[in-house]
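Trainee: Below is the structure I would like to discuss, written out as structure tokens.
Residue numbers (the numbering used here): 201 to 282.
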């Protein structure tokens, strides 16, 4: 099991305590492209083909709803690759 797979399992097991950096690593590792916020916005945008996700930058943890949305999109992205 690679580091990215271990990190993804850790996030799946506890979606309430996920840092923005960990979520960013997993999303970019799965092939999502990150777009930086503009004009004072705190939301980062991740795209993978037609799939899009907006995640606000928040410390110490990203809200659980955004983590669950990210996990669902990761599942869709990996299904479309196979």
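Virtual Cβ for every residue (Gly too), placed ideally from N, Cα, C.
On the criterion of 16 or more Cβ atoms from any shown chain inside 10 Å, does residue 265 qualify as buried, or is it exposed?
Mentor: exposed
Trainee: So is residue 250 buried or exposed if we call it buried at 16+ other beta carbons inside 10 Å?
Mentor: Only exposed fits residue 250, as fewer than 16 other CB atoms lie within 10 angstroms of its CB.
Trainee: If you check the beta carbons only, do residue 257 and residue 280 fall under 8 Å apart?
Mentor: no
Trainee: Helix, strand or coil: how does DSSP classify residue 232 here?
Mentor: coil
Trainee: Can you name the residues that DSSP bridges to residue 256?
Mentor: For residue 256, the beta-bridge partners assigned by DSSP are 243.
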